[in-house]
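Residue numbers (my numbering), protein chains in the order written: chain R, 208 to 692; chain H, 834 to 881. Where is the CB? At the ideal position from N, CA and C, for every residue including glycine. Since the structure is predicted, the reported quantities are computational estimates derived from the model, not experimental observations.
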Amino acid sequence: MSRLLILGGGIAGQTAALHARRKLANNHEVVVVTPNSKWNWIPSNIWVGVGVMSVDQVTFHLEEIYKKEGIVYHQAKAMSIHPEGDANSSSPFVTIEYTKSGIEGTTEKLTYDYLINATGPKLKFEATKGLGPENNSLSVCTAGHAAQTSSALDEIVKAMKKGEKKKFLIGTGHGNCTCQGAAFEYLFNIEYELRRRGVRDKAEITWISNEQELGDFGIGGMHLKKGGYITHSKVFTESLYSERGIKWITRAHVNEVEKDQIHYETLDGKYFDETFDFAMLLPPFSGVGIKAFNKAGTDITSDLFAANGFMLVDGDYGKKSYEDWSPEDWPKTYQSPKYKNIFAVGIAFAPPHPISQPVSSPNGTPIFPTPPRTGMPSGVMARQVTYNIVDMINGKSDHPTREASLANMGAACIASAGTGFFNGTAVSMTMYPIIPDFNKYPETGRELRYTSGEIGLAGHWIKHFLHFAFIYKAKANPLWRIIPE
Amino acid sequence: MTKRDPYGQNYYTPVPTNFTKRMRTNLFWQFLRFLTINIKMLRMVRKH
Chain R
208 MSRLLILGGG
218 IAGQTAALHA
228 RRKLANNHEV
238 VVVTPNSKWN
248 WIPSNIWVGV
258 GVMSVDQVTF
268 HLEEIYKKEG
278 IVYHQAKAMS
288 IHPEGDANSS
298 SPFVTIEYTK
308 SGIEGTTEKL
318 TYDYLINATG
328 PKLKFEATKG
338 LGPENNSLSV
348 CTAGHAAQTS
358 SALDEIVKAM
368 KKGEKKKFLI
378 GTGHGNCTCQ
388 GAAFEYLFNI
398 EYELRRRGVR
408 DKAEITWISN
418 EQELGDFGIG
428 GMHLKKGGYI
438 THSKVFTESL
448 YSERGIKWIT
458 RAHVNEVEKD
468 QIHYETLDGK
478 YFDETFDFAM
488 LLPPFSGVGI
498 KAFNKAGTDI
508 TSDLFAANGF
518 MLVDGDYGKK
528 SYEDWSPEDW
538 PKTYQSPKYK
548 NIFAVGIAFA
558 PPHPISQPVS
568 SPNGTPIFPT
578 PPRTGMPSGV
588 MARQVTYNIV
598 DMINGKSDHP
608 TREASLANMG
618 AACIASAGTG
628 FFNGTAVSMT
638 MYPIIPDFNK
648 YPETGRELRY
658 TSGEIGLAGH
668 WIKHFLHFAF
678 IYKAKANPLW
688 RIIPE
Chain H
834 MTKRDPYGQN
844 YYTPVPTNFT
854 KRMRTNLFWQ
864 FLRFLTINIK
874 MLRMVRKH
């Protein structure tokens with residue numbers, strides 16, 4: 208009997224747990240440790256943030272699903288990994304601390320044969336003074352944050368209906384943020400919602416971002432073939448902003464968020480202020496801060512994790528200049544190089560380097576997006592890693608045989624720009640590969656046949672369909688496995 | 834059409850014509866785009 212321990216119950220963790228349970232015989236145990244009692248379809252949080260969906264529509268209770276599937280569930284957070292066991296035992300284990308009401312704070316040791324770290328990000332609001340829903344800006348990173356943001360929106364719309372003019376500031380709250388796509392979706396949904404509520408003329412909307420140019424999205428942007436030209440996504444994205452009367456500030460690192468204004472630095476080293484009445488600014492991400500110890504109890508966190516808290520896997524983490532980056536640097540099997548029974552997937556693995564060019568201001572402030580790891584690649588890497596572990600448990604192989612490198616994987620992203628079955632729109636983007644490969648595709652780094660972007664009602668239908676499809680799948684309803692990652 | 838501020842940010846960007854905007858919510862055209870985008874996405878999924 209083997210035990211597969213999965214840390215995290217988000218998109219990657221849930222995908223791994225369901226596939227593992229499906230593939231492994233019942234004498235093997237699948238255990239999930241996640242601090243949350245509910246699963247959240249995060250891409251729909253932006254709709255909670257504008258009040259068109261409720262928290263209940265984007266979340267569901269995990270306990271009953273795991274019970275139904277025969278997956279052992281601990282509502283707890285992982286505190287430390289002991290890959291060599293301790294003085295009393297050689298069995299590797301993880302120390303967990305329960306977050307479940309009633310047993311909150313209780314700790315326990317869980318042994319494992321294989322470990323998948325799918326812990327997702329820590330929302331690092333503290334990186335910028337005054338940032339975050341407990342301070343001076345709003346967020347849509349969790350369903351709870353999004354509900355709070357929606358209430359704030361309702362309040363401000365009430366004032367606008369009385370004739371008051373308001374300033375909206377949406378974007379990234381730090382020079383090293385990722386997930387610009389989520390902020391982009393929220394920006395467009397806010398603009399759409401203000402139009403729908405009849406107060407758009409009372410709103411000045413500004414986008415602020417750490418991207419060098421609009422349309423970078425942390426992937427260096429992408430090139431699209433349209434109308435006889437090959438154009439960068441900057442052109443398409445700027446067009447979308449212009450059309451909606453949205454101003455933009457790029458190359459910005461927010462230093463501080465006060466009650467009604469931000470202070471920020473731009474890549475040219477200059478400092479500016481921007482006032483606001485409503486600010487939704489994303490935080491930067493880091494790993495969740497799990498520690499690691501060897502058998503003697505010595506701290507070996509730096510052997511397992513990068514300085515940003517993400518787990519080191521089979522990527523090339525050697526220091527290289529931007530010109531020397533290679534698609535081969537990116538991990539393929541997500542296996543820890545030091546402990547072969549540990550893997551990290553989704554946001555939890557450490558990228559070897561950014562995708563967008565890293566740049567700093569003359570003051571030495573790094574201002575560039577860190578790599579996004581969206582749902583589709585997270586699901587794919589979780590599935591492939593799980594299949595590899597299943598093969599190793601079943602004795603079919605003693606090493607991972609399937610690969611899921613972002614350098615050899617495409618992605619499809621649907622970014623909502625407003626809801627409505629007849630008048631909603633969304634930007635539909637596809638790209639291949641996620642990591643540009645200028646050796647294979649010298650002109651743009653990506654295959655133009657598979658790289659596209661357009662806005663329309665069709666995108667909204669797809670986004671809405673995916674909302675239901677992925678919640679259906681995460682609930683492990685009949686035939687869930689035919690829905691691709 | 835979108836109002837342009839001379840020499841402002843939006844002065845230099847392409848903006849869609851009314852025809853392009855209408856096609857974005859034209860049911861027949863968008864149904865075709867729905868099929869096309871789904872095929873593209875499925876081809877992408879099949880690549881890994």
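Would you please verify whether the beta carbon of W687 (chain R) is less than 7 Å from any beta carbon of chain H? no
Evaluate S308 (chain R) with the Cβ neighbour count: other Cβ atoms within 10 Å of its Cβ, from every protein chain shown; 16 or more gives buried, anything less gives exposed. exposed
With 16 other CB atoms within 10 Å as the buried threshold, where does P569 (chain R) fall? exposed
If you count every other CB in all the chains shown that lies within 10 Å of the CB of E650 (chain R), and 16 or more means buried, which is it? exposed
Among all the DSSP beta bridges, which residues are the ones paired with R210 (chain R)? R:E236
Measuring CA to CA, which of R:A513, R:D510, R:V592 is closest to K539 (chain R)? R:V592
Kindly indicate if chain R contains any beta-carbon less than 7 Å away from that of R855 (chain H). no
By DSSP, does A551 (chain R) sit in helix, in strand, or in coil? strand
Same chain, Cβ closer than 6 Å to T846 (chain H), neighbours up to 5 away in sequence not counted: none
Any C-beta of chain R sitting closer than 7 Å to the C-beta of T850 (chain H)? no
Given a cut-off of 7 Å, decide if V364 (chain R) and N252 (chain R) are closer than it, judged by their beta-carbon atoms. no
Best match in R:A633, R:I453, R:V301 for proximity to K374 (chain R) [C-alpha to C-alpha]: R:I453
Whether I303 (chain R) touches A285 (chain R) by CB criterion (7 Å): yes
Distance, A334 (chain R) Cα to I278 (chain R) Cα: 36 Å
Can you tell me whether G337 (chain R) is helix, strand or coil according to DSSP? coil
Take the Cβ of Y436 (chain R) as the centre, count every other Cβ of all protein chains shown within 10 Å, and call the residue buried at 16 or more, exposed below. exposed
Rounded to whole angstroms, what's the CA-CA distance from T241 (chain R) to R837 (chain H)? Just pull it up for me. 50 Å
Residues of the region 493–519 of chain R with Cβ closer than 7 Å to any Cβ of chain H, in chain order: none
Residue span of the alpha helix (DSSP H) that contains W668 (chain R), given as start and end: 664–681
N343 (chain R) versus R:G351, R:H268, R:F332, residue with shortest Cα-Cα distance: R:F332
What does D872 (chain H) reach in chain R if we use C-beta pairs closer than 8 Å? Residue identity differs from the one stated: residue 872 (chain H) is Ile in this sequence, not Asp. By Cβ distance, chain R contributes nothing, its closest Cβ being about 10 Å from I872 (chain H), past 8 Å.
If you count every other CB in all the chains shown that lies within 10 Å of the CB of I689 (chain R), and 16 or more means buried, which is it? exposed
Have a look at the DSSP bridge pairing and note the partners of Y321 (chain R). R:L211
Going along the chain, which residues of its own chain have a beta-carbon closer than 7 Å to the beta-carbon of H268 (chain R), five neighbours each way excluded? S244, K245
Within chain H, partners of S635 (chain R) - CB distance below 7 Å: I870
Beta strand (DSSP E) segment containing M260 (chain R), residue limits: Neither: M260 (chain R) is in no beta strand (DSSP E) and is coded neither H nor E.
I want to see whether chain H comes within less than 7 Å of A622 (chain R), judged by CB atoms only; does it? no
Counting only beta-carbon separations shorter than 7 Å, does F867 (chain H) have a partner in chain R? yes
Return the CA-CA distance between N515 (chain R) and P578 (chain R), expressed in angstroms with no decimal places. 13 Å
Which chain H residues are close to E445 (chain R), counting only those with a beta carbon under 9 Å from its beta carbon? Q842, N843, Y845, T846, P847
For a contact defined as C-beta to C-beta under 8 Å, what are the partners of G629 (chain R) on chain H? Looking at the sequence itself, residue 629 (chain R) is Phe, so the reference to Gly does not match. Within 8 Å Cβ-Cβ: T858, L860.
Beta carbons nearer than 7 Å to chain H: which residues of the region 463–475 of chain R have them? none
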